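**Q** One gets my numbering by counting positions in the sequence shown from 1 and adding 99 to each.
This is the structure I have questions about; it appears just below.
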Amino acid sequence: MENKISDIRNEYSKASLDEKDIGDSPIDFFKTWFDQAVHSEVREPTAMTLATVRKDGMPDARIVLLKGIEKEGFQFYTNYQSAKGKELESNPNACLVFFWAELERQVRIRGKISKVSRENSENYFHSRPFASQIGALASSQSDPVNDRSILDKHYEELKLKYEGKTVPLPENWGGYILEASEIEFWQGRRSRLHDRILFQKESGSWAKIRLQP
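What follows is the structure, encoded as structure tokens:
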């Protein structure tokens with residue numbers, strides 16, 4: 100008999116989370132958890148949900164990839180004219196969520212997003228594989244297209260055009276950085292009594308609070 104969705108559940112028991120083990124810097128502790136995710140061979144350790152808000156107030160979310168941590172900011176790259184780019188233009192408040200199922204861990208990061216420098220975007224763009232650079236140039240992300248073959252044809256034309264040459268950074272493509280104002284660490288525990296430690300920035304420093312699950 101097929102299992103009902105409501106019957107699907109797992110018990111979390113791999114670890115615990117104590118305030119004294121975290122320290123006073125959520126950024127440093129995030130890096131510790133991130134390194135553990137990488138070394139534990141989590142399938143996509145850099146994958147994070149980016150939640151934004153549309154102009155009509157409707158929330159929106161999608162998966163993007165973390166590409167750097169600078170001081171208290173988390174970086175990713177995308178097309179500025181994409182749906183998320185337009186949403187961030189009108190409302191720069193956003194949330195990032197990491198879920199590392201293999202470690203039974205989740206991190207939520209809230210803050211305000213701004214664009215990185217053009218130089219930063221240029222350096223990252225040209226560090227990407229050639230095919231990815233061409234893909235960014237070929238796609239008007241989030242715009243409708245009548246047929247997949249149109250996109251494929253445009254991609255192949257650009258690939259031939261720039262073979263052996265420097266691919267120009269598209270004007271509408273680059274990086275964002277989310278400067279964190281809240282970071283919450285979640286560790287799965289038995290009986291759904293999970294550990295949750297929240298950091299909130301107050302007057303330039305971090306306050307630490309334990310939340311009930």
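Yeah, the Cβ is synthetic: ideal placement off N, Cα and C, and Gly gets one too.
Treat the numbers as computed from the prediction; the structure is a model and nothing was measured.
Using the C-alpha atoms, what's the distance from Gln240 back to Lys252?
**A** Near 16 Å, if we compare the C-alpha coordinates of Gln240 and Lys252.
**Q** Give the range of the beta strand (DSSP E) segment to which Asp294 is assigned.
**A** It spans Asp294 to Glu301 - the beta strand (DSSP E) in which Asp294 sits, taken as one unbroken run.
**Q** Would you mind working out which of Glu186, Ile107, Gly122 and Gly263 sits nearest Ile296, comparing C-alpha positions?
**A** The residue with the shortest Cα to Cα distance from Ile296 is Gly122.
**Q** Ends of the alpha helix (DSSP H) at Asn219?
**A** Its alpha helix (DSSP H) spans residues Arg217 to Phe224.
**Q** Contact criterion: CB-CB distance below 8 Å. Does Gln286 meet it with respect to chain B?
**A** Absent from the structure is chain B; it holds one protein chain and no more.
**Q** Per the DSSP calculation, Asn178 is bridged to which residue(s)?
**A** Asn178 is bridged to Trp272.
**Q** For Thr148, which beta-bridge partners are listed by DSSP?
**A** Ile162 and Val196, per the DSSP bridge assignment.
**Q** Please tell me whether Val163 and Glu201 are closer than 8 Å, where the distance is taken between their beta carbons.
**A** Not a contact, by the Cβ cut-off of 8 Å.
**Q** Glu218: which of Gly273, Trp305 and Arg289 sits nearest, CA to CA?
**A** Of the candidates Gly273, Trp305 and Arg289, the one whose C-alpha sits nearest the C-alpha of Glu218 is Gly273.
**Q** Express the C-alpha separation of Thr177 and Leu268 in angstroms, rounding to a whole number.
**A** Approximately 12 Å, taken between the alpha carbons.
**Q** Are Glu281 and Arg209 touching if we call contact CB-CB under 8 Å?
**A** Yes.
**Q** Measuring CB atoms only, is the region 223 to 240 touching the region 145 to 153, in the sense that at least three cross pairs come out at less than 8 Å?
**A** The region 223 to 240, when compared against the region 145 to 153, does not touch it at the 8 Å Cβ threshold.
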